[in-house]
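Visitor: For what it's worth, my numbering labels the leading residue of the sequence shown as 525, then goes sequentially. Glycine is no exception: its CB is placed at the ideal position from the N, C-alpha and C atoms. Here it is, the structure in full.
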Amino acid sequence: MKKIIASLVALTVVAGTFMACSAKGGAKVLNKDKPLVFFNRQPSDPQSGKIDMDSMNWNSQTYYVGFDAAGGGAVQGKLITEFLASADPAKIDRNGDGTLGYVLCIGDVGHNDSKARTEGIRKALGTWDGSTDPGKVKEGAVTVGGKKFKVVELEGKAMTGTDGSTWNANAATEAMGGWATKFGTQIDIVVSNNDGMAMGCLQASNYPAGVPIFGYDANADAIEAIGAGKLTGTVSQNVDAQATATLQVLRNLLDGLTGEDVVTSGITKADKYGNKISAAVDYVASTKALLAQNTGVNASNWQAYTAGKRDPLVKQSNAPEKKVLLTIYNSADNFLSSSYLPALNYYAPLLGLKLTVVQGDGQNESSCLDKFTNLGNYDAFAINMVKTNSGRDYTDKLKY
525 MKKIIASLVA
535 LTVVAGTFMA
545 CSAKGGAKVL
555 NKDKPLVFFN
565 RQPSDPQSGK
575 IDMDSMNWNS
585 QTYYVGFDAA
595 GGGAVQGKLI
605 TEFLASADPA
615 KIDRNGDGTL
625 GYVLCIGDVG
635 HNDSKARTEG
645 IRKALGTWDG
655 STDPGKVKEG
665 AVTVGGKKFK
675 VVELEGKAMT
685 GTDGSTWNAN
695 AATEAMGGWA
705 TKFGTQIDIV
715 VSNNDGMAMG
725 CLQASNYPAG
735 VPIFGYDANA
745 DAIEAIGAGK
755 LTGTVSQNVD
765 AQATATLQVL
775 RNLLDGLTGE
785 DVVTSGITKA
795 DKYGNKISAA
805 VDYVASTKAL
815 LAQNTGVNAS
825 NWQAYTAGKR
835 DPLVKQSNAP
845 EKKVLLTIYN
855 SADNFLSSSY
865 LPALNYYAPL
875 LGLKLTVVQG
885 DGQNESSCLD
895 KFTNLGNYDA
905 FAINMVKTNS
915 GRDYTDKLKY
């Protein structure tokens with residue numbers, strides 16, 4: 525009996541020592557308790573646009589980082605109307621019929637960002653009829669050089685590729701070719717939900733020379749096109765601010781920050797490493813979303829947005845290295861591949877984060893989900909989904 529008691533005492537001591545060592549060395553964090561940031565594609569219903577708060581409340585360390593989509597749509601609309609206000613009516617109205625006709629490249633009818641941009645464009649031109657769907661518009665009006673014109677949306681079309689991918693530049697090239705043939709001189713303006721599709725339109729062999737065209741994203745090639753006089757304007761959603769905020773939130777959570785500090789440290793105020801994002805970023809507590817602000821880009825300011833310029837207030841830190849698994853919905857997406865990913869790869873080492881990036885095909889969620897594996901090897905996760913209603917598919921994999 526004494527031997528049994530002695531053994532139990534010894535076992536208790538050993539167990540206590542083991543637990544103390546584990547606590548001292550840091551107990552293993554379960555995947556369900558690790559930091560998770562959705563970025564660029566906000567978890568939401570593709571029909572109603574309602575935010576998927578089940579995904580956003582997956583755990584206390586779940587956030588979204590993007591940009592002010594509604595505000596961005598308004599910025600794009602204002603960019604267009606300000607251009608028209610000072611334009612020559614005789615040059616804009618190509619056939620002199622007193623009506624301005626425009627065609628619209630829609631990225632994805634089920635994407636919140638696409639909806640917001642379409643709404644902003646239509647409201648600015650007076651064609652908004654309460655819907656962002658193709659064809660659901662009314663006659664609008666706008667002032668050009670002091671003269672009022674009727675406005676009609678000749679056609680709005682979702683740019684879906686032959687493989688099912690959305691925001692497709694090749695589809696925009698084909699659509700523009702068809703529009704130029706179908707509508708001829710009725711086309712006075714071309715508007716796109718993003719730069720990739722706008723640049724696709726410019727690739728059409730019969731693109732009507734001199735017709736103003738507006739994009740969105742401020743991609744490097746689009747900025748160059750503005751400088752060359754080919755693209756009229758675009759909107760910067762401050763990709764560096766978004767990329768840094770995505771990483772900074774993860775850094776803050778991994779460093780044990782809580783409450784307001786998670787969404788302010790290194791973002792709107794300097795963190796302990798001395799970093800702070802230069803551009804304006806707002807936090808919306810109701811949806812746990814950090815949103816970068818938008819700015820219009822045109823011939824007057826395009827040089828300030830040329831490629832290679834990084835945020836000077838984000839510098840090398842001595843933060844301990846942590847591993848992050850990050851998904852990108854489509855390897856062929858122009859904005860994500862040419863702007864967002866390079867920014868992520870630039871800032872991640874500065875913040876002590878080692879990224880493992882997996883990229884999908886833009887069509888099948890499985891193209892990302894099948895690579896969302898070996899989760900125990902990572903300290904945190906950053907997710908960019910193929911479909912905005914796929915948040916649960918990822919959180920389900922984090923249960924274990």
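Could you round the C-beta distance between Gly-669 and Pro-732 to whole angstroms and report it? I think they count as a contact, below 8 Å.
Guide: Translated into the one-based positions of the sequence shown, residue 669 becomes position 145. Translated into the one-based positions of the sequence shown, residue 732 becomes position 208. The pair is not a contact, with the Cβ atoms about 20 Å apart (cut-off 8 Å).
Visitor: Between which residues of its own chain and Ala-742 is the CB-CB distance below 8 Å, once the five residues before and five after are set aside?
Guide: Translated into positions along the sequence shown, residue 742 becomes position 218. Cβ within range, chain order: Asp-719, Thr-758, Val-759, Ser-760, Gln-761, Val-763, Val-821, Tyr-829 and Ser-863.
Visitor: Lys-552: buried (16+ other C-beta within 10 angstroms of its C-beta) or exposed?
Guide: Locating residue 552 in the sequence shown gives position 28, where the first residue counts as 1. Exposed: under 16 other Cβ atoms inside 10 Å.
Visitor: Pairs of beta-carbons, one from the stretch 870–880 and one from the stretch 851–859, closer than 8 Å: are there three or more?
Guide: Counting C-beta pairs closer than 8 Å gives fewer than three between the stretch 870–880 and the stretch 851–859, which falls short of the contact rule.
Visitor: Taking Cβ to Cβ, would you say Asn-776 is nearer than 9 Å to Gly-798?
Guide: The residue labelled residue 776 in the question sits at position 252 within the sequence shown. The residue labelled residue 798 in the question sits at position 274 within the sequence shown. Cβ distance not < 9 Å, so Asn-776 and Gly-798 don't count as in contact.
Visitor: Could you give the uninterrupted runs of the alpha helix (DSSP H) lying entirely in the stretch 756–823, keeping only those of 4 residues or more?
Guide: 763–778 and 785–788
Visitor: Just verifying my parser: in three-state terms, what is the DSSP assignment at Phe-896?
Guide: Within the sequence shown, the letter at position 372 stands for residue 896. In this structure, Phe-896 counts as coil in the three-state DSSP scheme.
Visitor: Kindly indicate which residue of Asp-779, Arg-834, Leu-554 and Asp-576 has the alpha-carbon position closest to the one of Ser-810.
Guide: Here residue 810 is taken as the residue at index 286 of the sequence shown, counted from 1. When only C-alpha atoms are compared, the closest one is Asp-576.
Visitor: Looking only at DSSP bridge pairs, what is Glu-889 linked to?
Guide: As a first step, residue 889 is located in the sequence shown; it is residue number 365 there, counting from the start. Bridge partners of Glu-889: none, in fact.
Visitor: Given Pro-570, which residues of its chain have a CB within under 6 Å of its CB, disregarding the five upstream and five downstream residues?
Guide: On the sequence shown, position 46 is the one that residue 570 refers to. A distance below 6 Å between beta-carbons, with the five flanking residues on each side excluded, links Pro-570 to the following residues of its chain, in chain order: Gly-634, Thr-912 and Asn-913.
Visitor: I need the boundaries of the alpha helix (DSSP H) containing Ile-750, first residue and last residue.
Guide: The sequence position of residue 750 within the sequence shown is 226, counting from 1. Where Ile-750 is concerned, the enclosing alpha helix (DSSP H) stretches over 744–751.
Visitor: From Asp-885 to Ala-728, what distance separates their C-alpha atoms?
Guide: As a first step, residue 885 must be located in the sequence shown, where it is residue number 361. As a first step, residue 728 must be located in the sequence shown, where it is residue number 204. Each residue's alpha carbon lies about 24 Å from the other.
Visitor: Under a three-way DSSP split, which group does Asp-903 fall into?
Guide: For the purposes of this step, residue 903 is taken as residue 379 along the sequence shown, with counting starting at 1. In this structure, Asp-903 counts as coil in the three-state DSSP scheme.
Visitor: For the beta strand (DSSP E) that contains Gly-644, what are its first and last residues?
Guide: Residue numbering aside, residue 644 sits at position 120 when the sequence shown is read from its first letter. Unbroken run through Gly-644 is the alpha helix (DSSP H), 636–649; no beta strand (DSSP E).
Visitor: Label Asn-898 either buried or exposed according to how many other C-beta atoms from any shown protein chain fall within 10 Å of its C-beta, with 16 as the threshold for buried.
Guide: In the sequence shown, residue 898 corresponds to position 374, counting from 1. The residue in question, Asn-898, is exposed, as its Cβ has fewer than 16 Cβ neighbours within 10 Å.
Visitor: Taking the straight line between their C-alpha atoms, what separation do you get for Thr-880 and Thr-788?
Guide: Position 356 of the sequence shown, counting from 1, holds the residue named residue 880. Position 264 of the sequence shown, counting from 1, holds the residue named residue 788. Roughly 25 Å separates the two Cα atoms.
Visitor: For the beta strand (DSSP E) that contains Lys-921, what are its first and last residues?
Guide: Position 397 of the sequence shown, counted from the start, is the residue given in the question as residue 921. No beta strand (DSSP E) holds Lys-921; the alpha helix (DSSP H) holding it covers 915–921.
Visitor: Kindly indicate which three-state DSSP category Ser-572 falls into: helix, strand or coil?
Guide: Residue numbering aside, residue 572 sits at position 48 when the sequence shown is read from its first letter. Ser-572 carries a coil assignment under DSSP once its states are collapsed to helix, strand and coil.
Visitor: Across which residues does DSSP place Tyr-740 in a beta bridge pair?
Guide: Locating residue 740 in the sequence shown gives position 216, counting from the first residue. None, per the DSSP bridge assignment.
Visitor: Relative to the alpha-carbon of Lys-833, which residue among Asn-858, Leu-814, Tyr-870 and Ser-841 has its alpha-carbon at the smallest distance?
Guide: In the sequence shown, counting from the first residue as 1, residue 833 sits at position 309. Comparing Cα-Cα distances from Lys-833 to each of Asn-858, Leu-814, Tyr-870 and Ser-841, the minimum goes to Tyr-870.
Visitor: So Leu-879 is in the beta strand (DSSP E); what residue range does that whole segment cover?
Guide: Counting from 1 along the sequence shown, the entry for residue 879 is found at position 355. Looking at the DSSP string, the run of the beta strand (DSSP E) that includes Leu-879 is 877–883.
Visitor: Output the boundary residues of the beta strand (DSSP E) element that contains Asp-712.
Guide: For the purposes of this step, residue 712 is taken as residue 188 along the sequence shown, with counting starting at 1. In the DSSP assignment, Asp-712 falls within the beta strand (DSSP E) that extends over 711–716.
Visitor: Check the DSSP bridge columns for Cys-725 and list the partner residues they point to.
Guide: For the purposes of this step, residue 725 is taken as the residue at position 201 of the sequence shown. Answer is none; Cys-725 lacks a bridge partner.
Visitor: Restricting to Cα atoms, I'd like to know which of Met-721, Asn-555 and Ala-767 is closest to Ala-746.
Guide: Translated into positions along the sequence shown, residue 746 becomes position 222. Checking every option, the nearest Cα to that of Ala-746 belongs to Met-721.
Visitor: Tell me which residue opens and which closes the beta strand (DSSP E) that Val-848 is part of.
Guide: Residue numbering aside, residue 848 sits at position 324 when the sequence shown is read from its first letter. 846–852 is the extent of the beta strand (DSSP E) around Val-848.
Visitor: Is the beta carbon of Ala-709 sitting closer than 9 Å to the one on Glu-677?
Guide: Your numbering for residue 709 matches position 185 in the sequence shown. Your numbering for residue 677 matches position 153 in the sequence shown. It is worth fixing the name first, because residue 709 is Thr in this sequence and not Ala. Against a cut-off of 9 Å, the Cβ pair of Glu-677 and Thr-709 comes out as no contact.
Visitor: Give the C-beta separation of Ala-816 and Ala-803 to the nearest angstrom, bearing in mind that I take them to be a contact with Cβ-Cβ under 8 Å.
Guide: By 1-based counting over the sequence shown, the position of residue 816 is 292. By 1-based counting over the sequence shown, the position of residue 803 is 279. 6 Å between Cβ atoms; contact.
Visitor: Any contact of the stretch 688–706 with the stretch 652–668, i.e. 3+ C-beta pairs under 8 Å?
Guide: No: fewer than three Cβ pairs fall under 8 Å.
Visitor: Give the range of the alpha helix (DSSP H) segment to which Leu-865 is assigned.
Guide: For the purposes of this step, residue 865 is taken as residue 341 along the sequence shown, with counting starting at 1. That run of the alpha helix (DSSP H) goes 865–874.
Visitor: Should Ala-906 go down as buried or exposed, given a rule of 16 or more other Cβ atoms within 10 Å for buried?
Guide: Against the sequence shown, residue 906 aligns to sequence position 382. Flag for Ala-906 reads buried.
Visitor: Using 9 Å as the threshold, is the C-beta distance between Gly-597 and Ile-630 below it?
Guide: Your numbering for residue 597 matches position 73 in the sequence shown. Your numbering for residue 630 matches position 106 in the sequence shown. Cβ atoms of Gly-597 and Ile-630: not closer than 9 Å.
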